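Asks:
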Amino acid sequence: KNEVEQSPQNLTAQEGEFITINCSYSVGISALHWLQQHPGGGIVSLFMLSSGKKKHGRLIATINIQEKHSSLHITASHPRDSAVYICAVPNYGGSQGNLIFGKGTKLSVKP
Amino acid sequence: EPEVTQTPSHQVTQMGQEVILRCVPISNHLYFYWYRQILGQKVEFLVSFYNNEISEKSEIFDDQFSVERPDGSNFTLKIRSTKLEDSAMYFCASSGGEGRTYNEQFFGPGTRLTVL
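As given, the protein sequences belong to chains A and G, one line each in that order. Numbering-wise (my numbering), the first sequence opens with residue 33 and increments by one. Numbering-wise (my numbering), the second sequence opens with residue 2 and increments by one.
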């Protein structure tokens, strides 16, 4: 079974700062999810990526399959980015099946 | 854009009562999942469902839990006799459709279950 570690657990930033959240996992996969959870509890899928890099607006996600590591970057952070960011991977490796989730990184961006 | 929906958004029940949580997955998806998140903890897998049967379930998914796809659109999670420790946010997810990659899961907004 896969294990997922995220760091940091908590992150406070000033508006405009560049943010990096890290995720590592133990079993080789070919697809990784980055998710955003708002204070109300709802989950939104930000990215699913298999290799290289994906960009959506101010969010950039990278993955290194060989090193079993992914990062989520936020450029020019804004208070509305304040949320919990969660990394999730297939529990048994590969690219499908049930997901196992990291504990999440709680991001707070101050104006 | 198609999305997964869940009802109700919040359910309050008494211990020992039965609850049914409802989900409408994205219409052409074939794989369905239930996850839950106890307050302050990480999201955990409960069960996956494909081709009208359970494909995998976790240790959490004991005899008190059941899932059903009663028609072509709904996917339900039933808890027969709720316990205090069932209080959590329950998320439904779906993935997979013809002609598409099957591995991206799309999540519903969740149902917050409170057992008193």
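Ideal Cβ placement from N, Cα and C applies to all residues, glycine included. Please read these numbers as outputs of a predicted model, since none were measured by experiment.
Using C-beta distances below 8 Å, list every residue in its chain close to A/G144, excluding the 5 sequence neighbours before and after it, in chain order.
Replies: The question about residue 144 of chain A has no answer here: the residues shown for chain A are numbered 33 through 143.
Asks: Take every Cβ of the stretch 108-120 of chain A, pair it with every Cβ of the stretch 69-79 of chain G, and state whether three or more of those distances are shorter than 8 Å.
Replies: Touching, no.
Asks: CA-CA distance, G/H30 and G/S96?
Replies: Against the second sequence, residue 30 of chain G aligns to sequence position 29. Against the second sequence, residue 96 of chain G aligns to sequence position 95. Distance between the alpha carbons of G/H30 and G/S96: 5 Å.
Asks: Tell me where the beta strand (DSSP E) around G/T14 begins and ends.
Replies: Residue numbering aside, residue 14 of chain G sits at position 13 when the second sequence is read from its first letter. First-last of the beta strand (DSSP E) with G/T14: 11-14.
Asks: Identify which residue in A/T107, A/S77, A/V59 has its Cα closest to the Cα of A/F50.
Replies: Translated into the one-based positions of the first sequence, residue 50 of chain A becomes position 18. Comparing Cα-Cα distances from A/F50 to each of A/T107, A/S77, A/V59, the minimum goes to A/T107.
Asks: Classify G/L31 as helix, strand or coil using the three-state DSSP reduction.
Replies: Locating residue 31 of chain G in the second sequence gives position 30, counting from the first residue. Note: G/L31 maps to coil in three-state DSSP.
Asks: Would a check of beta-carbon distances place G/Y1 closer than 8 Å to chain A?
Replies: Nothing about residue 1 of chain G can be read from this structure; chain G reaches only from 2 to 117.
Asks: Starting from G/S74, find everything on chain A with Cβ-Cβ shorter than 8 Å and list it in chain order.
Replies: Stepping through the second sequence from its first residue, residue 74 of chain G is reached at position 73. Correct list: empty, because the minimum Cβ distance to chain A is about 21 Å.
Asks: Looking only at its chain, what residues have a beta carbon closer than 6 Å to the beta carbon of G/F46, apart from the 5 residues adjacent to it on each side?
Replies: The residue you call residue 46 of chain G lines up with position 45 of the second sequence. So the qualifying residues of the chain are Y36, S59.
Asks: Any C-beta of chain G sitting closer than 8 Å to the C-beta of A/N123?
Replies: Stepping through the first sequence from its first residue, residue 123 of chain A is reached at position 91. Yes, contact with chain G.
Asks: Relative to the C-alpha of A/S56, which candidate in A/Q98, A/R90, A/L43, A/P143 has its C-alpha closest?
Replies: Translated into positions along the first sequence, residue 56 of chain A becomes position 24. The option with the nearest alpha carbon to A/S56 is A/Q98.
Asks: Please check if any C-beta of chain A sits within less than 8 Å of the C-beta of G/Q65.
Replies: For the purposes of this step, residue 65 of chain G is taken as residue 64 along the second sequence, with counting starting at 1. No, because no Cβ of chain A sits closer than 8 Å to the Cβ of G/Q65.
Asks: Pull up the DSSP beta-bridge partners for A/Q46, would you.
Replies: The count along the first sequence starts at 1 and reaches residue 46 of chain A at position 14. Paired residue(s): A/K142.
Asks: Would the stretch 18-26 of chain G and the stretch 107-116 of chain G be scored as touching if the rule is three or more Cβ pairs under 8 Å?
Replies: The stretch 18-26 of chain G, when compared against the stretch 107-116 of chain G, does touch it at the 8 Å Cβ threshold.
Asks: Does A/L131 get closer than 8 Å to chain G when you measure Cβ to Cβ?
Replies: As a first step, residue 131 of chain A is located in the first sequence; it is residue number 99 there, counting from the start. Chain G contact via Cβ: present.
Asks: Can you tell which of A/I53, A/K33, A/Q46 has its C-alpha closest to the C-alpha of A/P40?
Replies: For the purposes of this step, residue 40 of chain A is identified with residue 8 of the first sequence, where counting begins at 1. The residue with the shortest Cα to Cα distance from A/P40 is A/I53.
Asks: With 7 Å as the C-beta to C-beta threshold (strictly closer), list the residues of the stretch 74-107 of chain A near chain G in chain order.
Replies: Those residues of the stretch 74-107 of chain A that come within reach of chain G (Cβ to Cβ, closer than 7 Å) are G74, I75, S77, M80.
Asks: Which whole-angstrom value is the C-beta distance of A/L81 and A/L64, which I expect to be below 8 Å?
Replies: Along the first sequence, read from residue 1 onward, the residue named residue 81 of chain A stands at position 49. Along the first sequence, read from residue 1 onward, the residue named residue 64 of chain A stands at position 32. Between A/L64 and A/L81 the Cβ distance is about 6 Å, and since that is below 8 Å, they are a contact.
Asks: In terms of residue numbering, what span does the beta strand (DSSP E) encompassing G/T115 cover?
Replies: Counting from one through the second sequence, the residue named residue 115 of chain G turns up at place 114. From DSSP, the beta strand (DSSP E) with G/T115 extends over 112-116.
Asks: Anything in chain A within Cβ reach of G/F107, meaning under 9 Å, just list it in chain order.
Replies: The residue labelled residue 107 of chain G in the question sits at position 106 within the second sequence. The contacting residues are S77.
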